[in-house]
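Each residue of the sequence shown is one higher than the last, beginning at 13 in my numbering. Note that beta-carbon positions come from the ideal geometry of N, C-alpha and C, so glycine has one too. Working notes, structure below.
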Amino acid sequence: MTLSDPQTPLKPPFVRPPKELRSSTAHLLKRLGWAIKDRSIGAYEATGLSPYHHAVLAVLDEGPPETQAMIADALGYDRSHLVGLLDELEERGLIERRRDPSDRRRHLVKLTPEGKRTLNRFRAIAKSVDDEFFAPLDAEQREALHALLLQLASHHDPRYATAERNEQS
(Lines of atoms letter the chains of each structure in order from A and count residues from 1; the text may use other names and numbers.)
(Lines give C-alpha, C1' and ligand atoms only; values in the text may rest on other atoms or scores of the structure.)
Protein backbone atom coordinates (compact mmCIF):
# COMPACT_ATOMS: atom_id res chain seq x y z
CA MET A 1 0.00 0.00 0.00
CA THR A 2 1.31 3.41 -0.93
CA LEU A 3 -0.13 6.89 -0.57
CA SER A 4 -1.10 6.95 -4.23
CA ASP A 5 -2.09 3.29 -4.60
CA PRO A 6 -3.93 1.87 -1.58
CA GLN A 7 -4.78 -1.38 -3.38
CA THR A 8 -1.25 -2.60 -4.05
CA PRO A 9 0.68 -3.71 -0.97
CA LEU A 10 4.18 -2.30 -0.71
CA LYS A 11 6.54 -5.22 -0.16
CA PRO A 12 10.03 -4.96 1.33
CA PRO A 13 12.60 -4.18 0.36
CA PHE A 14 11.49 -0.66 -0.45
CA VAL A 15 13.35 2.60 -0.35
CA ARG A 16 12.17 5.07 2.27
CA PRO A 17 12.13 8.76 1.47
CA PRO A 18 15.03 10.55 3.16
CA LYS A 19 14.56 11.73 6.74
CA GLU A 20 14.71 15.34 5.53
CA LEU A 21 11.50 14.78 3.52
CA ARG A 22 9.78 12.63 6.16
CA SER A 23 10.33 15.42 8.70
CA SER A 24 9.02 18.17 6.38
CA THR A 25 5.38 19.01 7.05
CA ALA A 26 5.14 20.72 3.66
CA HIS A 27 6.45 17.61 1.92
CA LEU A 28 3.99 15.37 3.78
CA LEU A 29 1.08 17.67 2.89
CA LYS A 30 2.17 17.63 -0.75
CA ARG A 31 2.40 13.81 -0.83
CA LEU A 32 -0.93 13.41 0.96
CA GLY A 33 -2.50 15.94 -1.42
CA TRP A 34 -1.33 13.94 -4.41
CA ALA A 35 -2.59 10.73 -2.85
CA ILE A 36 -6.07 11.99 -2.04
CA LYS A 37 -6.32 13.62 -5.47
CA ASP A 38 -5.48 10.28 -7.15
CA ARG A 39 -7.99 8.41 -4.97
CA SER A 40 -10.69 11.00 -5.56
CA ILE A 41 -10.25 10.95 -9.32
CA GLY A 42 -10.40 7.15 -9.24
CA ALA A 43 -13.56 7.16 -7.12
CA TYR A 44 -15.36 9.53 -9.51
CA GLU A 45 -14.19 7.66 -12.62
CA ALA A 46 -17.34 5.55 -12.97
CA THR A 47 -19.43 8.73 -13.21
CA GLY A 48 -17.47 9.99 -16.19
CA LEU A 49 -16.89 13.21 -14.27
CA SER A 50 -14.36 14.35 -11.68
CA PRO A 51 -13.98 16.05 -8.30
CA TYR A 52 -13.60 19.30 -10.28
CA HIS A 53 -17.15 18.89 -11.60
CA HIS A 54 -18.31 18.16 -8.04
CA ALA A 55 -16.80 21.44 -6.86
CA VAL A 56 -18.65 23.42 -9.55
CA LEU A 57 -21.97 21.81 -8.62
CA ALA A 58 -21.31 22.51 -4.92
CA VAL A 59 -20.74 26.22 -5.63
CA LEU A 60 -24.01 26.39 -7.57
CA ASP A 61 -25.89 24.59 -4.80
CA GLU A 62 -24.95 27.23 -2.22
CA GLY A 63 -26.49 30.19 -3.94
CA PRO A 64 -28.50 31.81 -6.69
CA PRO A 65 -27.42 31.59 -10.33
CA GLU A 66 -23.77 32.48 -10.51
CA THR A 67 -21.67 33.95 -13.27
CA GLN A 68 -18.91 31.86 -14.75
CA ALA A 69 -16.38 34.36 -13.40
CA MET A 70 -17.77 34.05 -9.86
CA ILE A 71 -17.55 30.25 -9.99
CA ALA A 72 -13.95 30.37 -11.24
CA ASP A 73 -13.02 32.83 -8.51
CA ALA A 74 -14.73 30.82 -5.76
CA LEU A 75 -12.82 27.69 -6.75
CA GLY A 76 -9.53 29.27 -7.80
CA TYR A 77 -9.96 27.72 -11.27
CA ASP A 78 -8.62 29.23 -14.47
CA ARG A 79 -11.62 30.65 -16.33
CA SER A 80 -10.78 28.85 -19.57
CA HIS A 81 -10.57 25.52 -17.68
CA LEU A 82 -13.93 26.24 -16.05
CA VAL A 83 -15.62 26.72 -19.44
CA GLY A 84 -14.68 23.15 -20.38
CA LEU A 85 -16.10 21.81 -17.12
CA LEU A 86 -19.31 23.80 -17.64
CA ASP A 87 -19.62 22.49 -21.20
CA GLU A 88 -19.44 18.91 -19.90
CA LEU A 89 -21.95 19.57 -17.11
CA GLU A 90 -24.33 21.30 -19.52
CA GLU A 91 -24.11 18.43 -22.06
CA ARG A 92 -25.28 16.07 -19.29
CA GLY A 93 -28.14 18.35 -18.28
CA LEU A 94 -26.64 19.05 -14.84
CA ILE A 95 -26.50 22.83 -15.28
CA GLU A 96 -28.15 25.49 -17.40
CA ARG A 97 -26.36 28.53 -18.79
CA ARG A 98 -27.99 31.67 -20.10
CA ARG A 99 -26.90 35.19 -20.89
CA ASP A 100 -27.28 37.66 -18.05
CA PRO A 101 -30.12 39.99 -19.12
CA SER A 102 -28.45 42.91 -17.32
CA ASP A 103 -25.05 42.29 -18.96
CA ARG A 104 -25.09 40.23 -22.17
CA ARG A 105 -21.33 39.62 -21.91
CA ARG A 106 -21.86 37.43 -18.84
CA HIS A 107 -23.38 33.98 -18.54
CA LEU A 108 -25.45 32.94 -15.53
CA VAL A 109 -25.14 29.31 -14.47
CA LYS A 110 -27.81 27.39 -12.57
CA LEU A 111 -27.99 23.88 -11.13
CA THR A 112 -30.73 21.69 -12.62
CA PRO A 113 -32.73 19.08 -10.65
CA GLU A 114 -30.60 16.37 -12.28
CA GLY A 115 -27.52 18.35 -11.25
CA LYS A 116 -28.76 18.33 -7.65
CA ARG A 117 -29.24 14.54 -7.76
CA THR A 118 -25.76 14.13 -9.20
CA LEU A 119 -24.34 16.42 -6.53
CA ASN A 120 -25.87 14.20 -3.84
CA ARG A 121 -24.19 11.16 -5.44
CA PHE A 122 -20.91 13.09 -5.56
CA ARG A 123 -21.24 13.94 -1.87
CA ALA A 124 -21.56 10.23 -1.08
CA ILE A 125 -18.45 9.49 -3.16
CA ALA A 126 -16.48 12.26 -1.42
CA LYS A 127 -17.56 11.01 2.02
CA SER A 128 -16.46 7.49 1.10
CA VAL A 129 -13.04 8.75 -0.02
CA ASP A 130 -12.68 10.82 3.15
CA ASP A 131 -13.73 7.93 5.39
CA GLU A 132 -11.25 5.55 3.76
CA PHE A 133 -8.37 8.02 3.57
CA PHE A 134 -8.73 9.32 7.12
CA ALA A 135 -9.58 5.94 8.69
CA PRO A 136 -6.32 5.88 10.72
CA LEU A 137 -7.58 8.95 12.64
CA ASP A 138 -10.37 8.93 15.22
CA ALA A 139 -13.17 11.54 15.08
CA GLU A 140 -11.39 13.92 17.46
CA GLN A 141 -8.16 13.76 15.45
CA ARG A 142 -10.06 14.35 12.20
CA GLU A 143 -11.75 17.44 13.67
CA ALA A 144 -8.42 18.75 14.97
CA LEU A 145 -6.73 18.17 11.61
CA HIS A 146 -9.58 19.90 9.78
CA ALA A 147 -9.42 22.89 12.13
CA LEU A 148 -5.65 23.23 11.65
CA LEU A 149 -5.91 22.94 7.87
CA LEU A 150 -8.74 25.49 7.79
CA GLN A 151 -6.61 27.84 9.90
CA LEU A 152 -3.74 27.52 7.40
CA ALA A 153 -6.07 27.89 4.41
CA SER A 154 -7.61 30.99 6.00
CA HIS A 155 -4.18 32.54 6.48
CA HIS A 156 -3.05 31.89 2.91
CA ASP A 157 -6.32 32.36 1.02
CA PRO A 158 -8.80 35.07 2.09
CA ARG A 159 -11.69 33.16 0.51
CA TYR A 160 -11.42 30.59 3.30
CA ALA A 161 -11.12 33.22 6.02
CA THR A 162 -14.36 34.83 4.86
CA ALA A 163 -16.14 31.48 4.71
CA GLU A 164 -14.93 30.56 8.18
CA ARG A 165 -16.24 33.81 9.69
CA ASN A 166 -19.60 33.40 7.94
CA GLU A 167 -19.95 29.81 9.13
CA GLN A 168 -19.28 30.78 12.75
CA SER A 169 -21.87 33.57 12.86
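Handout entry: Neighbourhood of Ala-165 by C-beta, 6 Å cutoff - its chain only, sequence neighbours within 5 removed
Key = Tyr-172
Problem - Integer Cβ distance of Leu-123 from Leu-69, believed to fall under 8 Å - result: Rounded, the Cβ-Cβ distance is 6 Å, consistent with contact.
Handout entry: Residue interval of the alpha helix (DSSP H) (run including Arg-51)
Key = 37–56
Handout entry: Coil, strand or helix - Arg-154 by DSSP
Key = Taken through DSSP and simplified to helix, strand or coil, Arg-154 comes out as helix.
Problem - Backbone CA spacing between Leu-131 and Leu-106 [nearest angstrom] - result: Straight-line Cα distance between these residues: approximately 9 Å.
Practice task
Could you pull out every unbroken alpha helix (DSSP H) segment of at least 4 residues lying fully inside the stretch 90–137, listed in chain order?
Solution key: 91–103
Exercise for the section: Taking Ser-140 as the reference, give the member of Ala-55, Val-27, Ala-38, Arg-43 with the closest Cα. Expected result: Minimum Cα distance to Ser-140 is reached at Ala-55.
Exercise for the section: Would you mind reading off the limits of the alpha helix (DSSP H) that contains Val-71? Expected result: 63–73
Problem - For His-39 and Leu-33, the rounded distance between their alpha carbons - result: 6 Å
Exercise for the section: Could you tell me the distance, in whole angstroms, from the CA atom of Asp-99 to the CA atom of Leu-72? Expected result: 15 Å
Handout entry: Alpha carbon of Ile-48 to alpha carbon of Arg-110, nearest angstrom
Key = 35 Å
Exercise for the section: Tell me Thr-79's beta-bridge partners as DSSP assigns them. Expected result: Beta-bridge pairing links Thr-79 to Leu-120.
Exercise for the section: For the alpha helix (DSSP H) holding Leu-22, just list the boundary residues, first then last. Expected result: Neither: Leu-22 is in no alpha helix (DSSP H) and is coded neither H nor E.
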